[in-house]
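Student: Positions 9 to 686 (the working numbering) are the ones given, in order, by the sequence shown.
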Amino acid sequence: MTSHSIEPSPPVRTERHGAVLVIVTDSPPVNALSAAVRDGLEAAIKEGAVDESIAAMVLRCDGRTFFAGADISEFGKPLRGIPLPTLVDAIEASPKPVVAAIHGTALGGGCEVALGCHYRVAVPSAKLGMPEVKLGLLPGAGGTQRLPRVVGVAKALEMIVLGNPVSARAAADAGLVDRLVGEDTLEADAIAFARDVAGTRPIPRVRDRAIAPDPTAPEAFRKTHGRKLRGFDAPEACIACVVAAGEKPFEDGLAFEREQFTALMNGAQSAAQRHIFFAERQAAKIDGIDPATPLRAIRSVGVIGAGTMGGGIAMNFLSAGIPVTIVEMQQDALDRGIGVVRRNYEASAAKGRIAADAPDKAMALLTPSLSLDALGDCDLIIEAVYEDMAIKKELFGKLDAVARPGAILASNTSYLNIDEIAAVTQRPGDVLGMHFFSPANVMKLLEVVRGARTAPDVLATVMALAKKIRKVAVVAGVCDGFIGNRMLMPRQVEANKLLLEGATPEQIDRVHVAFGMPMGPFQMADLAGVDIGWHRDPGRIENIRDALAAEGRWGQKKGAGFYDYDDKRNPAPSPRVAEIIDAFRAKAGTTPRVIDDEEIVARTLYTMVNEGALILEEGMAQRASDIDVVWIYGYGWPVYRGGPMFWAKTEGVEKVVAGLERYGFPVAKSLRNGEAVK
Ligand code: 3HC
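(1) Take Lys476 as the anchor and find which of Ile399, Thr658, Met616, Leu454 has the nearest alpha-carbon.
(2) Do we get a CB-CB distance below 8 Å when we pair Thr316 with the residues of chain B?
(3) Can Pro600 and Arg593 be called in contact, C-beta distance under 8 Å?
(4) Between the alpha carbons of Asn618 and Gly650, how many angstroms are there, rounded?
(5) Determine the contact status of Asp97 and Gly56, defining contact as a CB-CB distance below 8 Å.
(6) Quick check for students: name the residue ranges of the alpha helix (DSSP H) that lie wholly in the stretch 95–178, counting only runs of 4 or more.
(7) In its own chain, which residues sit with a C-beta less than 7 Å from the C-beta of Met9, not counting the 5 before and 5 after it?
(8) Taking 7 Å as the cut-off, is the C-beta of Asp79 nearer than that to any heavy atom in ligand 1?
(9) Quick one: Cα of Met532 to Cα of Tyr423, how far?
(10) Is Arg289 near ligand 1, judged by its Cβ being under 7 Å from some heavy atom?
(11) Hey, how far is the Cα of Ser11 from the Cα of Asp216?
(12) To the nearest whole angstrom, what separates the beta carbons of Ala481 and Gly320, a pair I think is in contact under 8 Å?
(13) Helix or strand or just coil, what does DSSP make of Ser11?
(14) For Ala164 versus Pro156, is the C-beta distance shorter than 8 Å?
(15) Applying the criterion that 16 or more other CB atoms from any shown protein chain within 10 Å of the CB defines a buried residue, is Ile540 buried or exposed?
(16) Determine the contact status of Tyr648 and Gly160, defining contact as a CB-CB distance below 8 Å.
(17) For Gln338, is the classification buried or exposed, using 16 other Cβ atoms within 10 angstroms of its Cβ as the cut-off for buried?
(18) Let me know if Phe83 comes out buried or exposed under the rule of 16 or more other beta-carbons within 10 Å of its beta-carbon.
(19) Quick one: measure Cβ to Cβ for Arg561 and Asp554, integer angstroms, because I've assumed they're closer than 8 Å.
(20) Tell me the rounded alpha-carbon separation between Ala415 and Asp298.
(21) Among residues of its own chain, excluding the 5 on either side of Gly261, which ones have a beta-carbon nearer than 6 Å to its beta-carbon?
(22) Ignore the nearest five residues each way along the sequence and tell me which others in Ala292's own chain have a CB closer than 7 Å to its CB.
(23) Do Pro19 and ligand 1 come close, with the Cβ less than 7 Å from some heavy atom?
(24) With contact counted as at least three CB pairs below 8 Å, one residue from each stretch, are the stretch 495–504 and the stretch 577–593 in contact?
(25) In three-state DSSP terms, what is Pro546?
(26) By the three-class DSSP mapping on this structure, what secondary structure does Leu506 have?
(27) Starting from the N-terminal side, write out each stretch of the alpha helix (DSSP H) that is 4 residues or longer and does not extend beyond the stretch 255–322.
(28) Contact between the stretch 482–494 and the stretch 301–309: three or more CB pairs below 8 Å?
(29) Between the Cα of Glu120 and those of Pro132, Ser133, Lys85, Ala76, spot the shortest distance and give me the residue it belongs to.
(30) Would you list the residues sitting across from Pro65 in a DSSP beta bridge?
(31) Using the three-state DSSP reduction, which class does Tyr394 fall into: helix, strand or coil?
(32) When DSSP builds the beta bridges, which residues end up paired with Thr469?
(33) At which residues does the alpha helix (DSSP H) containing Asp636 begin and terminate?
(34) In terms of alpha-carbon separation, which member of Tyr127, Arg128, Ser42, Ile110 lies closest to Pro86?
(35) Taking its Cβ as the centre, do 16 or more other Cβ atoms sit within 10 Å of Leu467, making it buried, or is it exposed?
(36) Note down the Cα distance separating Ala172 from Ala114, rounded to an integer number of angstroms.
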């Protein structure tokens with residue numbers, strides 16, 4: 009027998025339509041500009057240039073999208089094939105006009121290729137953008153120099169530094185798209201357009217355009233957006249490049265862009281952000297379940313509890329066009345919950361974040377009810393009631409009787425045992441956890457808790473559904489606090505101990521904010537409520553938190569917690585809290601000592617990494633990168649540090665282990681041997 013190796017078909021082909029050469033790229037899934045694609049495009053452009061029967065070219069892609077950018081998986085590896093900037097220059101230098109025919113998403117390098125073309129046509133549903141900044145980079149194939157020449161400095165700053173794509177229509181308004189064409193007739197319309205412009209001379213090249221000076225734009229931009237860019241390196245580099253576009257000759261601007269791009273590419277931040285790009289997509293994959301597992305249809309959802317959490321959960325589905333029945337016990341609580349949902353939608357519409365008719369559309373899908381019986385037809389029922397095992401068990405018993413066979417029953421618990429809840433039903437295979445993060449309509453993270461008996465298709469269905477409602481979902485096992493809240497515990501314990509030993513809430517919070525967290529542990533306690541989880545017995549004071557709660561220092565909502573707040577909720581260190589802490593120190597016989605920042609990092613952040621390693625050893629998370637995703641999307645861990653496990657690798661395993669040992673923590677085996685962070 010002879011074995012044949014099947015040659016993969018080349019990703020770029022050419023087709024002749026009279027005098028127009030159509031260059032087609034077919035490189036699933038997203039036509040990333042890999043070495044093979046770049047080389048194919050270069051050859052095709054040359055073919056069109058030398059062929060005398062060709063007067064113009066069209067560049068288009070098969071599949072779901074125009075080029076979605078450079079091939080990120082090639083980053084950090086030795087360069088193969090023609091470099092992307094050289095390819096873009098070669099397209100622009102073509103002696104015959106090249107028309108980009110855009111559908112799907114022309115992103116990053118894809119948008120830069122389009123800017124190298126002499127004309128751009130797009131279907132109305134297309135999107136164009138430069139999201140490199142989200143990977144800790146900047147557009148490195150001439151995008152920072154060409155885009156401002158087309159859309160102006162202010163618009164280019166917005167697109168490049170924030171990285172959000174714009175619709176084809178908005179791109180047409182900004183001059184980035186020359187013509188919007190038929191949704192289903194892209195190729196034919198692009199060919200017709202190419203015929204029209206075939207004879208135009210000189211061929212319009214973006215590099216030759218003048219750039220309108222706009223000296224105040226960068227400062228205005230920083231003023232508006234500076235806060236959310238805190239800690240990131242790439243945005244300032246993006247701004248510098250756009251500024252250079254206005255000040256330097258084109259070629260010098262390109263050289264400056266290259267220099268800045270290379271520096272970012274070799275830096276730790278981009279490595280972290282690229283890690284998260286792939287980690288987020290990896291998280292959707294479930295170990296031990298065939299990706300082809302047939303999914304259950306989720307046509308309608310039931311939510312129990314119309315409080316902040318239940319209402320927020322419901323909004324996710326309503327926004328995705330999935331009808332929701334929401335159940336409360338009392339009419340006034342139900343009315344209040346529905347009112348909050350409506351007001352949230354209306355506020356978003358008023359800010360222009362959603363269409364003006366979106367609130368009505370969403371509310372039309374929402375059915376309020378006072379009876380669990382209303383959930384009989386739902387395909388998925390999520391309970392978002394009080395965190396109490398007895399209450400949850402009773403509820404699941406009732407749901408088991410009401411829900412139709414095959415319906416999935418989910419608990420939004422943030423730490424309770426899903427197996428215990430599932431055991432009260434006759435269908436433990438249909439039960440799992442769906443742990444949303446507050447506010448549930450905003451936060452991207454969803455921990456999907458896989459019970460011991462959760463059926464594979466139930467887990468797969470919920471993971472796929474998560475993507476539909478635009479959540480980033482991570483599979484967690486059954487353990488106290490699952491992945492995220494479990495790792496919060498050692499941090500909290502150590503933060504409290506540090507207070508007793510001599511640190512202040514301000515110092516600990518400052519270290520966390522300087523690290524890049526949106527807030528520190530005590531600021532978080534004040535925001536969430538110091539009274540959360542409190543036993544409510546003012547006479548029983550076992551720790552500092554009890555003492556604060558007993559005095560009514562419940563946090564921001566009371567104007568006092570670990571900090572004192574003014575009317576505008578600005579925090580100030582609290583003398584009263586200092587007294588309370590002193591009293592606890594005296595009682596424990598502790599003499600306060602000076603605690604340095606490094607100790608705070610080791611005891612509150614390395615301990616989280618250590619807990620993460622234990623979570624992996626116990627199989628409660630599928631992979632280290634899932635833990636990173638949880639902390640980025642659920643707790644605001646700075647994405648430029650790549651999540652706790654990735655960060656530990658950047659810090660150096662030896663340093664982390666040594667830090668833990670210095671303060672007497674038992675080090676997890678998988679951390680010590682590096683397995684947990686490899
Ligand atoms: N390079 C390599 N792989 C990519 C990729 C890219 N640019 N974009 C997507 N992929 C892969 C994903 O990893 C995923 O792989 P998997 O199936 O093995 O997990 C697969 O393509 C499908 O991606 P999604 O699951 O994200 O598919 P969606 O349909 O949800 O989204 C998308 C499609 C909007 C194109 C989204 O993938 C995306 O935003 N991609 C990244 C776009 C981007 O950042 N481009 C800029 C790249 S950097 C650059 O161009 C530098 C240049 O300036 C020099």
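Note that beta-carbon positions come from the ideal geometry of N, C-alpha and C, so glycine has one too.
Tutor: The short version:
(1) For this step, residue 476 is matched to residue 468 along the sequence shown. Lys476 has its Cα closest to that of Leu454, out of Ile399, Thr658, Met616, Leu454.
(2) Chain labels in this structure do not include chain B; a single protein chain is all it has.
(3) The residue you call residue 600 lines up with position 592 of the sequence shown. The residue you call residue 593 lines up with position 585 of the sequence shown. A contact, by the Cβ cut-off of 8 Å.
(4) Position 610 of the sequence shown, counting from 1, holds the residue named residue 618. Position 642 of the sequence shown, counting from 1, holds the residue named residue 650. Each residue's alpha carbon lies about 16 Å from the other.
(5) In the sequence shown, residue 97 corresponds to position 89, counting from 1. In the sequence shown, residue 56 corresponds to position 48, counting from 1. Cβ atoms of Asp97 and Gly56: not closer than 8 Å.
(6) List check, alpha helix (DSSP H) in window: 117–124, 151–159, 161–165.
(7) Within the sequence shown, the letter at position 1 stands for residue 9. Note on Met9: pLDDT 42, under 50, position unreliable in the model; no value is reported.
(8) For the purposes of this step, residue 79 is identified with residue 71 of the sequence shown, where counting begins at 1. Checking the Cβ of Asp79 against ligand 1 gives yes.
(9) Translated into the one-based positions of the sequence shown, residue 532 becomes position 524. Translated into the one-based positions of the sequence shown, residue 423 becomes position 415. Each residue's alpha carbon lies about 18 Å from the other.
(10) Looking up residue 289 in the sequence shown gives position 281. Within the cutoff, so yes.
(11) Looking up residue 11 in the sequence shown gives position 3. Looking up residue 216 in the sequence shown gives position 208. Because Ser11 sits at a pLDDT of 46, beneath the cut-off of 50, its placement in the model cannot be relied upon, and the following sentence gives the value as read from the coordinates. Computed Cα separation, rounded: 54 Å.
(12) Numbered from its first residue, the sequence shown carries residue 481 at position 473. Numbered from its first residue, the sequence shown carries residue 320 at position 312. Not quite, the Cβ-Cβ distance comes to about 16 Å (not below 8 Å), so this is no contact.
(13) Translated into positions along the sequence shown, residue 11 becomes position 3. With a pLDDT of only 46 at Ser11, under 50, the local geometry of the prediction cannot be trusted, and no value is derived from it.
(14) As a first step, residue 164 is located in the sequence shown; it is residue number 156 there, counting from the start. As a first step, residue 156 is located in the sequence shown; it is residue number 148 there, counting from the start. The answer is yes: Cβ separation under 8 Å.
(15) The count along the sequence shown starts at 1 and reaches residue 540 at position 532. By the 10 Å Cβ count, Ile540 comes out exposed.
(16) Taking the sequence shown and counting its residues from 1, the one referred to as residue 648 is at position 640. Taking the sequence shown and counting its residues from 1, the one referred to as residue 160 is at position 152. No. Outside cutoff.
(17) Translated into positions along the sequence shown, residue 338 becomes position 330. With fewer than 16 neighbouring CB atoms inside 10 Å of its own CB, Gln338 falls in the exposed class.
(18) Counting from 1 along the sequence shown, the entry for residue 83 is found at position 75. Looking at its Cβ environment, which holds fewer than 16 other Cβ atoms inside 10 Å, Phe83 is exposed.
(19) As a first step, residue 561 must be located in the sequence shown, where it is residue number 553. As a first step, residue 554 must be located in the sequence shown, where it is residue number 546. Between Asp554 and Arg561 the Cβ distance is about 11 Å, and since that is not below 8 Å, they are no contact.
(20) Here residue 415 refers to the residue found at position 407 when the sequence shown is read from its first residue. Here residue 298 refers to the residue found at position 290 when the sequence shown is read from its first residue. Take the alpha-carbon of Ala415 and the one of Asp298: they are about 21 Å apart.
(21) For the purposes of this step, residue 261 is identified with residue 253 of the sequence shown, where counting begins at 1. Only Gln153, Ala252, Ala253 meet the Cβ criterion.
(22) Start at 1 with the first residue of the sequence shown, and residue 292 comes out as number 284. The beta carbon of Ala292 is closer than 7 Å to those of Met471, Lys475, Ala481 in its chain, skipping five residues each way along the sequence.
(23) The residue given as residue 19 occupies position 11 in the sequence shown. Because no heavy atom of ligand 1 lies under 7 Å away, the Cβ of Pro19 does not count as near it: no.
(24) Taking a cut-off of 8 Å on C-beta distances, the stretch 495–504 does not touch the stretch 577–593, as fewer than three cross pairs fall below it.
(25) Here residue 546 corresponds to residue number 538 of the sequence shown, with the count starting at 1. Three-state result, Pro546: coil.
(26) Working through the sequence shown from its first residue, we reach residue 506 at position 498. Helix, per DSSP.
(27) 258–273, 276–291
(28) no
(29) Within the sequence shown, the letter at position 112 stands for residue 120. If you compare the alpha carbons of Pro132, Ser133, Lys85, Ala76 with that of Glu120, the shortest gap goes to Ala76.
(30) Taking the sequence shown and counting its residues from 1, one reaches residue 65 at position 57. Before going further, note that residue 65 is Met rather than Pro in the sequence given. Answer is Leu29, Val106.
(31) Taking the sequence shown and counting its residues from 1, one reaches residue 394 at position 386. Correct three-state label for Tyr394: coil.
(32) In the sequence shown, residue 469 corresponds to position 461, counting from 1. Answer is none; Thr469 lacks a bridge partner.
(33) Residue 636 sits at position 628 when you count from the first residue of the sequence shown. Run containing Asp636: 632–643, per the alpha helix (DSSP H) assignment.
(34) Taking the first residue of the sequence shown as position 1, residue 86 is located at position 78. Looking at the Cα atoms, Ser42 is the closest of the given residues.
(35) Sequence index remark: in the sequence shown, residue 467 carries index 459 (1-based). The residue in question, Leu467, is buried, as its Cβ has 16 or more Cβ neighbours within 10 Å.
(36) The residue given as residue 172 occupies position 164 in the sequence shown. The residue given as residue 114 occupies position 106 in the sequence shown. One point to set straight first is that residue 172 is Asn, not Ala, in the sequence displayed. Cα to Cα, the separation comes out at about 12 Å.
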